[in-house]
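This report refers to the structure that appears directly beneath it.
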Amino acid sequence: MNPQESPYTLATRLLREALEAGLKTIVFTQARKITELIHTWIAQEAPELAERVSSYRAGFLPEERREIERRLASGDMHGVISTSALEMGIDIGELDVCILVGYPGTIIQTWQRGGRVGRQQRDSALILVAQPDALDQYFMKHPDRFFQSEYEKAVVDPQNRVVLKAHLVCAASELPLRAKGDLFPMEEEDTSLLVQEMERERLLMRSAQGDQWYTPRKRPQREVDIRSAGESFTIIEETTSRIVGQNSGIRALTECHEGAIYLHRGEHYLVTRLDLERRNAWVKAVRTQYYTRALSQKETEILQTRRSRPIGNSVVRLGRLRVRETVVGYEKRRISGQDLLGVYPLELPPIVFETVGIWIEVEDFVKEAIQRRNLHFMGGIHAAEHAIIALFPLFALCDRDDVGGISTPYHPQVGKAAIFVYDGHPEGVGLAERAYEVLEELLEAVLSTLETCDCEAGCPGCIHSPKCGSGNKPLDKEAAILTIKALLGRMSPRELGVQ
1140 MNPQESPYTL
1150 ATRLLREALE
1160 AGLKTIVFTQ
1170 ARKITELIHT
1180 WIAQEAPELA
1190 ERVSSYRAGF
1200 LPEERREIER
1210 RLASGDMHGV
1220 ISTSALEMGI
1230 DIGELDVCIL
1240 VGYPGTIIQT
1250 WQRGGRVGRQ
1260 QRDSALILVA
1270 QPDALDQYFM
1280 KHPDRFFQSE
1290 YEKAVVDPQN
1300 RVVLKAHLVC
1310 AASELPLRAK
1320 GDLFPMEEED
1330 TSLLVQEMER
1340 ERLLMRSAQG
1350 DQWYTPRKRP
1360 QREVDIRSAG
1370 ESFTIIEETT
1380 SRIVGQNSGI
1390 RALTECHEGA
1400 IYLHRGEHYL
1410 VTRLDLERRN
1420 AWVKAVRTQY
1430 YTRALSQKET
1440 EILQTRRSRP
1450 IGNSVVRLGR
1460 LRVRETVVGY
1470 EKRRISGQDL
1480 LGVYPLELPP
1490 IVFETVGIWI
1500 EVEDFVKEAI
1510 QRRNLHFMGG
1520 IHAAEHAIIA
1530 LFPLFALCDR
1540 DDVGGISTPY
1550 HPQVGKAAIF
1560 VYDGHPEGVG
1570 LAERAYEVLE
1580 ELLEAVLSTL
1590 ETCDCEAGCP
1600 GCIHSPKCGS
1610 GNKPLDKEAA
1620 ILTIKALLGR
1630 MSPRELGVQ
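Residue numbers (this note's numbering): 1140 to 1638.
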């Protein structure tokens, strides 16, 4: 379904109608906030259904999750709105209807979520409610691409230092690591340097003979968070000291800053204080008709160039980056209609991490051609960055939240304008390498999307991003099309009207 109205409004209505018809229903969303908003709306519109519906997502307390799972499996609860948290691995009984609010990001995830219904040969329905998003609209225009394509290729980087560090400690707690071991070859240069670092940090201890390593940590597995990177923050209700939920270190700054509205199982909480030292966010229950969205600024530093190759009229490079992101403020938006109510500044420490990314150099003649046409150059490369990230899940097993990007009209290390696309996971998991390999195909898909979109100046179906830290400003669709054509070599400097 490709609605003219809000996809969230349609999904809420479909959920209500399914429940009123006696159909056990699961709704999958793409974001925690949307999960909670749909739960809020269904409770407001149909109070008689409120006790039989719940939201479900990461960040809930374990006992809350187990209770929801138990009620779903027993049939006591008839509806649930979830993020990917209920996608697999949990028995929630027999369901009749699955509503996907937005394309899940991959073909694999779509069928995985759809497989939640229709078990034991029961009649069932799988409904995809498309969002005004570049990837969703791509499949609305090219449904054959969905049904005829192979599953996406999974990517992984076994040398990710963050992951490897945690695994080495856990492995050493079970059996000593050996210099000539098969699982972790300690004599390899990268691993050897990492182990030396871990010895200095007293995560590992070398045996007297020097060929084995142990860990002094007891049960280090309990310290590894398999759901997210970064230290966990506890969310506490200030008047009762009741623990409401948890959030990862990175999400805490964007979702639990002072003044944020935190949504939890249909309830709205105002964040009154964020204690970074103790990793606590203090909240109080409120009734409000608005939600908040963080605004951020990013910077990149190139640490190492690993590979480079020509592409059309430009060059693409792959290498290590240091990304610095600072939450500088937040917006208040009305829940109904999403009208902007105000923008408020924040002073928070930056989030800094090292990762792997690609950067595409944009030649000066492209900038000159765009400016001669009285178009916005920064808006063009910014829009191109958004579209590249939005459509990248066509080529890798990921979603747009796994990938970050920065576009700049001049990067001092590059010496010209550049579009950066990087792996959103610290140290990288192989996504940047995949982007480097398929960049031409990716840019062709981007160009097709921009040229076939019916909008004039840009919309959520082509260049707007729901996670843009600068509020989708500036953006210029026509300049983005010229930029992509130039990058692909479709237009030479002469054809662009410059020498």
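Note that the Cβ used here is the ideal one computed from N, Cα and C, for glycine as well.
- As summarised for the stretch 1511-1570, the continuous alpha helix (DSSP H) elements at least 4 residues long and confined to that stretch are 1516-1530, given in chain order.
- If you draw a straight line from the Cα of S1263 to the Cα of A1556, it is about 51 Å long.
- Rounded to the nearest whole angstrom, the C-alpha separation of R1446 and G1569 is 14 Å.
- Scanning the stretch 1460-1499 from its first residue to its last, the whole beta strand (DSSP E) runs of 3-plus residues come out as 1479-1484.
- Remark: three or more beta-carbon pairs, one from each stretch, lie closer than 8 Å, so the stretch 1566-1584 and the stretch 1616-1629 are flagged as touching.
- When DSSP assignments are scanned along the stretch 1165-1197, the uninterrupted stretches of beta strand (DSSP E) that are 3 or more residues long and fall wholly within it turn out to be 1192-1195.
- For G1384, the enclosing beta strand (DSSP E) has its first and last residue at I1382 to S1387.
- Under the criterion of beta carbons closer than 8 Å, Y1429 and I1474 qualify as touching, at roughly 6 Å.
- Annotation: the stretch 1239-1279 contains the following complete segments of the beta strand (DSSP E) (minimum length 3 residues), in chain order: 1264-1268.
- Distance from the CA of T1547 to the CA of G1608, rounded to the nearest whole angstrom, comes to 14 Å.
- Between L1589 and C1601 a beta carbon distance of about 5 Å is seen, short of the 8 Å cut, so the two are scored as contacting.
- In summary, R1432 is buried, with 16 or more beta-carbon neighbours lying within 10 Å of its beta-carbon over all protein chains present.
- A distance below 8 Å separates the beta carbons of V1410 and V1422.
- Per DSSP, the continuous beta strand (DSSP E) segment holding P1449 begins and ends at Y1429 to I1450.
- I1400 counts as buried, since at least 16 other C-beta atoms from the protein chains shown sit within 10 angstroms of its C-beta.
- Per DSSP, reduced to three states, the secondary structure at Y1147 is helical.
- Counting every other CB atom within 10 Å of its CB across the protein chains shown gives M1140 a total below 16, marking it as exposed.
- Residue E1470 holds the alpha-carbon nearest to the alpha-carbon of D1478 among Q1552, L1158 and E1470.
- The criterion of a C-beta distance shorter than 8 Å is satisfied by T1494 and D1562.
- When C-alpha distances from L1578 are compared across Q1552, W1498, A1619 and L1176, the shortest belongs to W1498.
- The secondary-structure analysis by DSSP pairs V1501 across a beta bridge with A1556.
- By the neighbour-count definition (other C-beta atoms within 10 Å, threshold 16), M1227 is an exposed residue.
- DSSP, read as helix, strand or coil, puts M1140 in coil.
- The bridge partners DSSP lists for T1373 are Q1385 and N1419.
- Our two residues, T1379 and R1191, have alpha carbons roughly 26 Å apart in a direct line.
- Bridge partners of C1237 according to DSSP: I1165 and L1265.
- Within the stretch 1278-1344, the complete alpha helix (DSSP H) segments at least 4 residues long are 1282-1287, 1300-1313 and 1328-1339, listed from N- to C-terminus.
- If you draw a straight line from the Cα of H1550 to the Cα of L1415, it comes to about 32 Å.
- Check the Cα spacing between A1529 and each of V1491, R1300 and P1599: the tightest is with P1599.
- The Cβ atoms of V1240 and I1165 lie no closer than 8 Å to each other.
- In this structure, the beta-carbon distance from P1532 to L1274 falls below 8 Å.
- Per DSSP, E1397 is not a residue of any alpha helix (DSSP H), being assigned neither H nor E.
- Take the alpha-carbon of R1205 and the one of V1383: they are about 15 Å apart.
- Among the bridge pairs identified by DSSP, H1407 is matched with L1402 and V1425.
- Under the three-pair Cβ rule at 8 Å, the stretch 1275-1292 counts as touching the stretch 1237-1251.
- Around the beta-carbon of L1332, fewer than 16 other beta-carbon atoms lie within 10 Å, marking it exposed.
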